[in-house]
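A.B. asks:
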Amino acid sequence: LAKSSGKNRVVVYAEGMELAAQSKAELITDLDSAVAAGQLAVHYQPTVELAEGATTGYEALLRWQHPTRGLVPPLEFIPLAEESGAIVEIGRWVLTEATAQAARWSRGAGRPIDIAVNLSARQLIDDDVVATVRGTLAASGLPAAQLTLEVTESVLIEDVEAVVDSLRALRGLGVRIAIDDFGTGYSSLSYLRRLPADVVKIDRSFVQDLGSGGRSTTLVASIIELARSLDLEVVAEGVETEEQHAVLGRLACSHAQGYLFGRPRPAAAQAFPAQVEVAPAHPGPLLAVVP
Ligand code: C2E
Ligand code: MG
Ligand code: MG
Ligand code: MG
Numbered sequence: 331l332a333k334s335s336g337k338n339r340v341v342v343y344a345e346g347m348e349l350a351a352q353s354k355a356e357l358i359t360d361l362d363s364a365v366a367a368g369q370l371a372v373h374y375q376p377t378v379e380l381a382e383g384a385t386t387g388y389e390a391l392l393r394w395q396h397p398t399r400g401l402v403p404p405l406e407f408i409p410l411a412e413e414s415g416a417i418v419e420i421g422r423w424v425l426t427e428a429t430a431q432a433a434r435w436s437r438g439a440g441r442p443i444d445i446a447v448n449l450s451a452r453q454l455i456d457d458d459v460v461a462t463v464r465g466t467l468a469a470s471g472l473p474a475a476q477l478t479l480e481v482t483e484s485v486l487i488e489d490v491e492a493v494v495d496s497l498r499a500l501r502g503l504g505v506r507i508a509i510d511d512f513g514t515g516y517s518s519l520s521y522l523r524r525l526p527a528d529v530v531k532i533d534r535s536f537v538q539d540l541g542s543g544g545r546s547t548t549l550v551a552s553i554i555e556l557a558r559s560l561d562l563e564v565v566a567e568g569v570e571t572e573e574q575h576a577v578l579g580r581l582a583c584s585h586a587q588g589y590l591f592g593r594p595r596p597a598a599a600q601a602f603p604a605q606v607e608v609a610p611a612h613p614g615p616l617l618a619v620v621p
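Residue numbers (full-length UniProt numbering): 331 to 621.
1. Compute the distance between the beta-carbons of Ser478 and Ala428, then report whether it is under 7 angstroms.
2. Measuring CB atoms only, is the region 361–370 touching the region 418–437, in the sense that at least three cross pairs come out at less than 8 angstroms?
3. Could you check whether Asp511 and Thr482 sit closer than 7 angstroms to each other, using their CB atoms as the reference points?
4. In the DSSP assignment, the alpha helix (DSSP H) including Glu413 goes from what residue to what residue?
5. Between the C-alpha atoms of Gly502 and Val460, what's the straight-line distance to the nearest angstrom?
6. Short of 6 angstroms in beta carbon distance, which residues of its chain neighbour Ala350, apart from the five on each side in sequence? Order them along the chain.
7. In the DSSP assignment, find the beta strand (DSSP E) that holds Tyr516 and state where it starts and stops.
8. Please identify the residue among Glu572, Leu556, Ile553 and Glu555 whose C-alpha is closest to the C-alpha of Ser542.
9. Collect the residues with a C-beta less than 6 angstroms away from any heavy atom of ligand 3 and give them in sequence order along the chain.
10. Give the DSSP-derived three-state secondary structure of Tyr589 in the structure shown.
11. Could you tell me the distance, in whole angstroms, from the CA atom of Gly515 to the CA atom of Glu567?
12. Determine the DSSP secondary structure at Glu563, reduced to helix, strand or coil.
13. When you compare only the Cα positions, how much space is there between Arg452 and Ile487?
14. Quick one: measure Cβ to Cβ for His585 and Val564, integer angstroms, because I've assumed they're closer than 8 angstroms.
15. Between which two residues does the beta strand (DSSP E) containing Asp458 stretch?
16. For Trp394, list the residues DSSP reports as bridge partners.
17. Spatial neighbours of Val577 within its chain, please: C-beta separation below 7 angstroms, excluding the five flanking residues on both sides.
18. Just how far apart, CA to CA, sit Gly544 and Ile554?
19. Helix, strand or coil: how does DSSP classify Asp495 here?
20. Under DSSP, the alpha helix (DSSP H) around Ala537 begins and ends at which residues?
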């Protein structure tokens with residue numbers, strides 16, 4: 331590389347491009363076998379209800395432990411999986427894992443634990459998406475009302491009619507639809523009109539600036555008000571500080587997510603209420619048999 335760069339910069343650039351293209355092709359090939367090889371994992375991030383501070387559910391976030399590259403972040407491999415179509419199979423796997431986990435948690439807690447799963451446009455235009463969701467709900471025993479499917483405004487770059495039809499059919503099953511990263515699209519208000527939705531998730535970029543004196547507080551207040559008047563639930567994403575938390579409380583935001591409340595972690599690492607609630611219910615035998 332050093333040798334050729336001495337002669338001609340264009341060559342270096344071309345070689346760099348080739349490498350990037352090669353590594354992309356390799357990743358796409360590796361992704362095809364990632365599910366079967368057990369390299370994918372689902373991490374779970376809590377969603378809290380701000381008034382009570384209680385965890386009402388979790389969002390499923392996909393992780394890929396690549397055998398040689400280490401942990402590949404979703405923002406790097408999901409676009410590749412969308413391009414290759416692998417996202418359809420991967421997405422089914424995530425739905426199966428996440429609904430089964432939420433059903434287990436709900437049984438353990440003795441109350442409904444909700445689960446949110448992100449869906450790509452490619453999954454929504456797949457003919458089988460409704461059957462897939464219906465099937466995973468049936469297999470897990472999770473009530474449909476406990477499943478939220480998160481989509482970004484980017485799903486509308488695909489066949490809009492097919493996407494909207496799928497979303498309506500999915501809602502017909504009783505699952506909820508959330509518009510993720512709300513406010514970052516070019517035309518968020520018109521998407522709100524076109525997409526059937528139950529939940530709006532305010533993008534982290536707005537939440538980050540809360541309390542800093544800029545316009546974000548007014549914008550977030552307006553989104554919350556808009557959601558309320560459209561009868562939509564609202565979730566603030568990416569809450570990291572007590573100050574952001576306090577502002578959201580003052581704005582009467584109903585739900586939030588963020589590192590302040592909990593990072594995405596494997597299911598087994600969740601400090602889950604079921605363990606705390608169950609333990610004190612059984613006094614040890616020594617306490618019970620006092621003569
Ligand atoms: P998203 O659905 O908007 O998920 C929120 C992202 O913000 C997650 O990144 C999460 O780890 C991160 N996050 C949460 N709280 C905080 C915080 O307080 N501060 C900061 N800085 N970040 C926070 P992650 O896990 O890297 O996922 C990135 C995106 O990848 C997701 O954005 C979603 O669009 C996509 N994705 C993840 N899992 C799946 C999946 O199973 N299927 C599909 N289609 N997309 C997925
Ligand atoms: Mg999401
Ligand atoms: Mg989001
Ligand atoms: Mg996001």
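Using N, Cα and C, we set each Cβ at its ideal position, and we do this for glycine too.
C.D. replies: Here's the rundown:
1. As a first step, residue 478 is located in the sequence shown; it is residue number 148 there, counting from the start. As a first step, residue 428 is located in the sequence shown; it is residue number 98 there, counting from the start. Checking the sequence shown, residue 478 turns out to be Thr, not Ser. Result no, Cβ atoms of Thr478 and Ala428 do not sit closer than 7 angstroms.
2. When Cβ pairs closer than 8 angstroms are counted between the two stretches, the region 361–370 is seen to touch the region 418–437, the count reaching three or more.
3. One-based indexing of the sequence shown puts residue 482 at position 152. One-based indexing of the sequence shown puts residue 511 at position 181. In contact: Thr482 and Asp511 (Cβ atoms closer than 7 angstroms).
4. Your numbering for residue 413 matches position 83 in the sequence shown. Membership of Glu413 in the alpha helix (DSSP H) is indicated by the continuous run Pro404 to Ser414.
5. Start at 1 with the first residue of the sequence shown, and residue 502 comes out as number 172. Start at 1 with the first residue of the sequence shown, and residue 460 comes out as number 130. Gly502 and Val460: Cα-Cα distance of roughly 10 angstroms.
6. For the purposes of this step, residue 350 is taken as residue 20 along the sequence shown, with counting starting at 1. Closer than 6 angstroms at the Cβ level, and outside the excluded window around Ala350, lies no residue.
7. Within the sequence shown, numbered from 1, the residue matching residue 516 stands at position 186. For Tyr516, no beta strand (DSSP E) run applies, since DSSP gives it neither H nor E.
8. The residue given as residue 542 occupies position 212 in the sequence shown. In terms of CA proximity to Ser542, Glu572 leads the group Glu572, Leu556, Ile553 and Glu555.
9. Per the Cβ criterion, the list is Asp510, Asp511, Lys531 and Glu567.
10. The residue labelled residue 589 in the question sits at position 259 within the sequence shown. Reduced to three states, the DSSP call for Tyr589 is coil.
11. By 1-based counting over the sequence shown, the position of residue 515 is 185. By 1-based counting over the sequence shown, the position of residue 567 is 237. C-alpha separation (whole angstroms): 16 angstroms.
12. Within the sequence shown, residue 563 is the residue found at index 233, counting from 1. Strand, per DSSP.
13. Locating residue 452 in the sequence shown gives position 122, counting from the first residue. Locating residue 487 in the sequence shown gives position 157, counting from the first residue. Using only the alpha carbons, I get a separation of about 10 angstroms.
14. Mapped onto the sequence shown, residue 585 falls at position 255. Mapped onto the sequence shown, residue 564 falls at position 234. Indeed, because the Cβ distance is near 7 angstroms, the residues count as touching under 8 angstroms.
15. Along the sequence shown, one-based indexing puts residue 458 at 128. Element bounds for Asp458: n/a, residue is neither H nor E.
16. On the sequence shown, residue 394 is found 64 positions in, with the first residue counted as 1. The partner list for Trp394 (beta bridge, DSSP) reads Leu370 and Val402.
17. Counted from its first residue, the sequence shown places residue 577 at position 247. Within the same chain, Val577 has close Cβ partners Leu540, Gly541 and Thr547.
18. If you number the sequence shown from 1, residue 544 lands on position 214. If you number the sequence shown from 1, residue 554 lands on position 224. Looking at the two C-alpha atoms, the distance is approximately 17 angstroms.
19. Looking up residue 495 in the sequence shown gives position 165. Residue state for Asp495 is assigned as helix, using DSSP reduced to three classes.
20. Numbered from its first residue, the sequence shown carries residue 537 at position 207. Reading the sequence as shown, one finds Val at residue 537 and not Ala. Counting along the chain, Val537 sits inside the alpha helix (DSSP H) bounded by residues Arg534 to Gln538.
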